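> Structure below; questions to follow.
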Amino acid sequence: MTVEMLLEQFYADLILVKRAAQKTAMTYKISAEEFLHWLVEQQIKLRDVSSLNLVYFLTARKTDGCSELTIAKDISAMRAFGDYLVRKNYWPENHALMLDRPKASRHLPSVLSLEQIEKLLSSIDDSTPLGIRDQALFELIYSCGLRISEACDLKVANVHFEEHLILVHGKGDKERIVPFGDIAAQKLKKYMDEVRPGLVKGRNISEVFVNYKGEPISRKGVWKRFKQLEALSGVHSKVHTLRHSFATHLLAGGADLRSVQELLGHSDLSTTTIYTHVTDTQLMNAHKKYFEGKNDE
Numbered sequence: 200m201t202v203e204m205l206l207e208q209f210y211a212d213l214i215l216v217k218r219a220a221q222k223t224a225m226t227y228k229i230s231a232e233e234f235l236h237w238l239v240e241q242q243i244k245l246r247d248v249s250s251l252n253l254v255y256f257l258t259a260r261k262t263d264g265c266s267e268l269t270i271a272k273d274i275s276a277m278r279a280f281g282d283y284l285v286r287k288n289y290w291p292e293n294h295a296l297m298l299d300r301p302k303a304s305r306h307l308p309s310v311l312s313l314e315q316i317e318k319l320l321s322s323i324d325d326s327t328p329l330g331i332r333d334q335a336l337f338e339l340i341y342s343c344g345l346r347i348s349e350a351c352d353l354k355v356a357n358v359h360f361e362e363h364l365i366l367v368h369g370k371g372d373k374e375r376i377v378p379f380g381d382i383a384a385q386k387l388k389k390y391m392d393e394v395r396p397g398l399v400k401g402r403n404i405s406e407v408f409v410n411y412k413g414e415p416i417s418r419k420g421v422w423k424r425f426k427q428l429e430a431l432s433g434v435h436s437k438v439h440t441l442r443h444s445f446a447t448h449l450l451a452g453g454a455d456l457r458s459v460q461e462l463l464g465h466s467d468l469s470t471t472t473i474y475t476h477v478t479d480t481q482l483m484n485a486h487k488k489y490f491e492g493k494n495d496e
């Protein structure tokens with residue numbers, strides 16, 4: 200069996216048997232591909248792999264400049280790949296279970312201020328159909344804390360204007376209900392009523408956001424448009440930063456951690472707690488800036 204065939208079968212197993220998210224499955228497939236190519240370079244047969252070989256592979260990855268986070272992902276991928284190889288009788292046991300994942304340092308997410316959000320969104324030209332779409336798209340991403348994929352996959356049937364709610368299909372096939380405000384409602388309704396019909400031209404397209412061809416907008420399309428907004432507004436950021444900003448602004452406004460966890464669709468509360476560190480850091484910086492240089496009277 201070729202390397203390509205083995206990788207495709209591993210990927211299919213992750214999706215169909217293990218029910219892994221598509222992005223996770225692709226990440227694991229890429230790591231497995233790196234490992235298999237390393238075995239070819241080292242002239243080691245897959246059936247002869249030992250735990251020590253896996254350690255040498257990860258050491259080579261580290262030497263090549265991979266971060267601790269990448270190494271941690273590689274180890275998770277190797278464990279999943281090892282499990283697959285055992286089930287397919289390539290390995291007698293999962294050698295990757297002997298590996299310990301490094302503790303990757305957690306960087307605080309970048310967050311935009313309310314003024315920066317306003318500057319970014321107001322740079323969108325709403326005199327064009329695609330501008331009206333972009334206003335609705337990025338306003339919804341920010342005001343609902345959506346991932347890019349969640350915005351791209353949002354279905355017309357899952358938008359409820361009367362209740363100001365959307366049903367979001369998130370990671371791991373998990374669904375959550377997220378409210379949206381009046382501004383997002385106005386921009387979304389204008390797009391849905393005045394622009395989208397002209398783009399889809401009567402075709403049955405289930406996704407809310409479409410491109411100029413009337414086809415579902417892609418992640419790459421959203422990213423490309425956002426880069427243009429960066430240049431226009433002078434606010435340097437990433438699309439995902441809108442999600443980080445949503446969470447941080449909610450917590451700064453007094454929202455409780457559990458509610459923010461539910462709105463973001465985080466499985467683990469510890470993932471959400473990183474935003475409390477962001478707000479704490481902002482408070483400390485604001486305090487330092489205000490009191491710096493002040494003397495007791």
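Residue numbering for the sequence shown is 200 to 496, as defined by the working numbering.
Backbone N, C-alpha and C fix where the C-beta goes; we use that ideal spot for every residue, glycine too.
Only a predicted model underlies this, so the values are computations on that prediction, with no experimental measurement involved.
For T470, which of T447, D247, M391 and V355 has the nearest alpha-carbon?
Out of T447, D247, M391 and V355, T447 has the C-alpha closest to the C-alpha of T470.
> Report the rounded CA-to-CA distance for R181 versus V409, giving the unit in angstroms.
In this structure the chain extends from 200 to 496, so residue 181 is not present and cannot be described.
> Cα-Cα, which of A276, L339 and Y289 is closest to V421?
If we check each option's Cα against that of V421, L339 comes out closest.
> Would you mind giving the Cβ-Cβ distance between L235 and V202, rounded to the nearest angstrom? I have them listed as a contact below 8 Å.
Yes, L235 and V202 are in contact; Cβ-Cβ is about 5 Å, under 8 Å.
> What residues match up with R375 in a beta bridge as DSSP calls it?
Answer is V367.
> Rounded to a whole number of angstroms, what is the C-alpha to C-alpha distance between E361 and Y227?
E361 and Y227: Cα-Cα distance of roughly 42 Å.
> Counting only the same chain and skipping the five closest in sequence on each side, list residues whose C-beta sits under 6 Å from that of A224.
Closer than 6 Å at Cβ, skipping near neighbours: Y210, L213 and I214.
> Among E406, G344, T327 and L313, which has the Cα closest to the Cα of D352?
Nearest C-alpha to D352: E406.
> Name the residue from K388, A383, G380 and L345 whose alpha carbon lies nearest to the alpha carbon of V367.
Nearest of K388, A383, G380 and L345 to V367, Cα basis: L345.
> State the DSSP-derived secondary structure class of K318, mapped to helix, strand or coil.
In the structure shown, K318 sits in a helix (DSSP, three-state: H, G or I).
> State the Cα-Cα distance for the pair S417 and R332, rounded to the nearest angstrom.
In a straight line, the C-alpha of S417 is about 14 Å away from that of R332.
> Which class does E406 belong to by DSSP, given the choice of helix, strand or coil?
DSSP places E406 in strand when its eight states are reduced to three.
> Using a threshold of 8 Å, state whether the C-beta atoms of Y341 and L462 are closer than that.
No, Cβ-Cβ distance for Y341 and L462 is not below 8 Å.
> Below 8 Å, how does it come out for the segment 313 to 328 and the segment 422 to 435: are there three or more Cβ pairs, yes or no?
Yes, the segment 313 to 328 is in contact with the segment 422 to 435.
> Hey, how far is the Cα of I229 from the Cα of R424?
Distance between the alpha carbons of I229 and R424 is about 27 Å.
> Run through the DSSP bridge pairs and tell me what H359 is partnered with.
Paired residues: L364.
> Does L298 have its Cβ less than 8 Å from a Cβ in chain D?
In the displayed structure, chain D is absent; only one protein chain is listed.
> Could you tell me the boundaries of the alpha helix (DSSP H) in which K419 lies?
Looking at the DSSP string, the run of the alpha helix (DSSP H) that includes K419 is R418 to S432.
> Entirely within the segment 205 to 273 and at least 4 residues each: give me those alpha helix (DSSP H) ranges in chain order.
Whole alpha helix (DSSP H) segments, 4+ residues: 221 to 241 and 250 to 262.
> With DSSP collapsed to three states, give me the class of V202.
Helix, per DSSP.
> If I'm right that A295 touches I274 with Cβ under 8 Å, what's the distance once you round it to whole angstroms?
Yes, A295 and I274 are in contact; Cβ-Cβ is about 7 Å, under 8 Å.
> Is the separation between the beta-carbon of G464 and that of K373 shorter than 8 Å?
Against a cut-off of 8 Å, the Cβ pair of K373 and G464 comes out as a contact.
> Where does V239 land, buried or exposed, given buried means 16+ other C-beta within 10 angstroms?
Label assigned to V239: exposed.
> Which residues does DSSP list as the beta-bridge partners of K354?
K354 is bridged to E406.
> Quick check: the Cα distance between V399 and E414, rounded to an integer number of angstroms?
Approximately 7 Å between the Cα atoms of the pair.
> Which one of Y390, Q242, V310 and K217 has the shortest CA to CA distance from H435?
Residue V310 is the option with its Cα nearest to H435.
> So is V216 buried or exposed if we call it buried at 16+ other beta carbons inside 10 Å?
With fewer than 16 other Cβ atoms within 10 Å, it is exposed.
> Anyone know if the C-beta pair for I365 and N357 falls short of 8 Å?
A contact, by the Cβ cut-off of 8 Å.
> In three-state terms, what does DSSP make of P415?
Three-state result, P415: strand.
> Once the 5 residues before and after F445 are set aside, which same chain residues still bring their CB inside 6 Å of it?
Once the five neighbours on either side are set aside, the close Cβ partners of F445 are Y341 and G344.
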